[in-house]
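There are 2 protein chains.
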Amino acid sequence: MDIEDWRQKIDDVDRQLVRLINERAQCAQAIGRLKRDSAMPIYEPDREKIIFQNIARVNAGPLSDVQLRQVYERLVDVMRQIQSEEMAPEAENQAEATELGPND
Amino acid sequence: MDIEDWRQKIDDVDRQLVRLINERAQCAQAIGRLKRDSAMPIYEPDREKIIFQNIARVNAGPLSDVQLRQVYERLVDVMRQIQSEEMAPEAENQAEATELGPND
């Protein structure tokens, strides 16, 4: 395989990764709604510790656990962002509702 | 579904993500070896631009393009790390070879 072949393979992996990352984001949103309804905090260090343990356990390389964790730290950060958007959308939704009018 | 159910779904997605991220890393290593043999640079801004365009094109949300790109910037950083390990491993391999002896 030449570089172009490997790049096509990467583009194919990327399509799958984008789908999965968004699937994970949908789960985070769902949890955000449940947390909102039960007044739970967004940041739960114990749960994040479990996530990092889980990924290290299934990591077969070539990435080292440290490198994989570098990727996941960013991923978890972004998931926290999307979860907080889900948990505190009242002001935004209110504005939209006002704009549309009560009967729209 | 309660929070525990969603977390089990996340753990399942994470297993698939770890496998795919490592598959991508294997491709980056293979490209690293080809680049080494043809003296190409590791950092190719045009290729990275294409990667970011590709992921934005297939992004169906809920992550915004900006959030997805935040994840990918870290991912691409780590891939560059692993590629540079692959391109300049001579010193390290030499040390290992010496340790094992020439006939091992």
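Chains A and B supply the protein sequences, listed in that same order.
Numbered according to my numbering, the first sequence spans residues 1 to 104.
Numbered according to my numbering, the second sequence spans residues 1001 to 1104.
Where a beta carbon is used, it is the ideal one built from N, C-alpha and C, also for glycine.
What's the C-alpha gap between Ala39(A) and Ile82(A)? Translated into the one-based positions of the first sequence, residue 39(A) becomes position 39. Translated into the one-based positions of the first sequence, residue 82(A) becomes position 82. Rounded to the nearest angstrom, the two C-alpha atoms are 17 Å apart.
Output the distance between the C-alpha atoms of Asp65(A) and Gln53(A), rounded to the nearest integer angstrom. The count along the first sequence starts at 1 and reaches residue 65(A) at position 65. The count along the first sequence starts at 1 and reaches residue 53(A) at position 53. Answer to the nearest angstrom: the Cα atoms are 10 Å apart.
Quick one: any contact between the segment 1018–1036 of chain B and the segment 2–13 of chain A, if contact means 3 or more CB pairs under 8 Å? yes
Beta-carbon separation of Val76(A) and Ile51(A) under 8 Å? As a working mapping, residue 76(A) is identified with position 76 in the first sequence. As a working mapping, residue 51(A) is identified with position 51 in the first sequence. Judged by beta-carbon spacing, Ile51(A) lies within the 8 Å limit of Val76(A), meaning their Cβ atoms are closer than that value.
Residues within the segment 1046–1066 of chain B neighbouring chain A, beta-carbon criterion of under 8 Å: Arg1047, Ile1051, Asn1054, Ile1055, Val1058, Asn1059, Ala1060, Gly1061, Pro1062, Leu1063
To the nearest angstrom, how far is the alpha carbon of Val1033(B) from that of Glu1085(B)? The residue labelled residue 1033(B) in the question sits at position 33 within the second sequence. The residue labelled residue 1085(B) in the question sits at position 85 within the second sequence. One point to set straight first is that residue 1033(B) is Arg, not Val, in the sequence displayed. One C-alpha to the other measures close to 10 Å.
Reducing DSSP to helix, strand and coil, say where Glu73(A) ends up. Here the question's residue 73(A) lines up with position 73 in the first sequence. Looking at Glu73(A) - three-state DSSP - the assignment turns out to be helix.
Interface residues of the segment 17–44 of chain A facing chain B [CB-CB below 7 Å]: Leu17, Val18, Leu20, Ile21, Asn22, Glu23, Arg24, Ala25, Gln26, Cys27, Gln29, Ala30, Ile31, Leu34
Would Trp1006(B) and Ala30(A) qualify as a contact pair, given that the criterion is a beta-carbon distance under 8 Å? As a first step, residue 1006(B) must be located in the second sequence, where it is residue number 6. As a first step, residue 30(A) must be located in the first sequence, where it is residue number 30. The answer is yes: Cβ separation under 8 Å.
What residue does the alpha helix (DSSP H) around Glu1023(B) start on, and which one ends it? The residue you call residue 1023(B) lines up with position 23 of the second sequence. Where Glu1023(B) is concerned, the enclosing alpha helix (DSSP H) stretches over 1003–1037.
Go to Pro62(A), then tell me how far its alpha helix (DSSP H) extends in each direction, as first and last residue. Counting from one through the first sequence, the residue named residue 62(A) turns up at place 62. It is not in any alpha helix (DSSP H) - Pro62(A) carries neither H nor E in the DSSP assignment.
Compare the C-alpha of Leu1063(B) against each of Lys9(A), Ile3(A), Leu20(A) and name the closest. Your numbering for residue 1063(B) matches position 63 in the second sequence. Ranked by Cα distance from Leu1063(B), the first of Lys9(A), Ile3(A), Leu20(A) is Leu20(A).
What does the Cβ neighbour count give for Met1001(B), buried or exposed, with the cut at 16 atoms within 10 Å? As a working mapping, residue 1001(B) is identified with position 1 in the second sequence. Exposed, by the Cβ-count rule.
Taking Cβ positions only, does Arg1015(B) come closer than 8 Å to chain A? Looking up residue 1015(B) in the second sequence gives position 15. Yes, Arg1015(B) counts as interfacial toward chain A.
Are any of the Cβ atoms in chain B nearer than 8 Å to that of Arg74(A)? Residue 74(A) sits at position 74 when you count from the first residue of the first sequence. For Arg74(A), the answer is yes, since a Cβ of chain B falls inside 8 Å of its Cβ.
Enumerate in chain order the residues of its own chain whose CB-to-CB distance from Thr98(A) is below 7 Å, with the five nearest sequence positions on each side excluded. Numbered from 1 along the first sequence, position 98 holds the residue referred to as residue 98(A). Here the model assigns Thr98(A) a pLDDT of 43, short of 50, so the residue's position is not dependable, and the following value carries that caveat. Answer for Thr98(A): no residue qualifies.
Am I right that Arg1074(B) and Arg69(A) are in contact with their C-beta atoms under 8 Å? What's the rounded C-beta distance? Mapped onto the second sequence, residue 1074(B) falls at position 74. Mapped onto the first sequence, residue 69(A) falls at position 69. Not really, about 11 Å apart at Cβ, beyond 8 Å.
Nearest to Arg47(A) (by Cα), restricted to the options Ala28(A), Asp37(A), Gly61(A): Numbered from its first residue, the first sequence carries residue 47(A) at position 47. Nearest of Ala28(A), Asp37(A), Gly61(A) to Arg47(A), Cα basis: Ala28(A).
Go through its chain and collect everything with a Cβ distance to Lys1009(B)'s Cβ below 7 Å, but skip five positions before and after it. For the purposes of this step, residue 1009(B) is taken as residue 9 along the second sequence, with counting starting at 1. Nothing meets the Cβ criterion.
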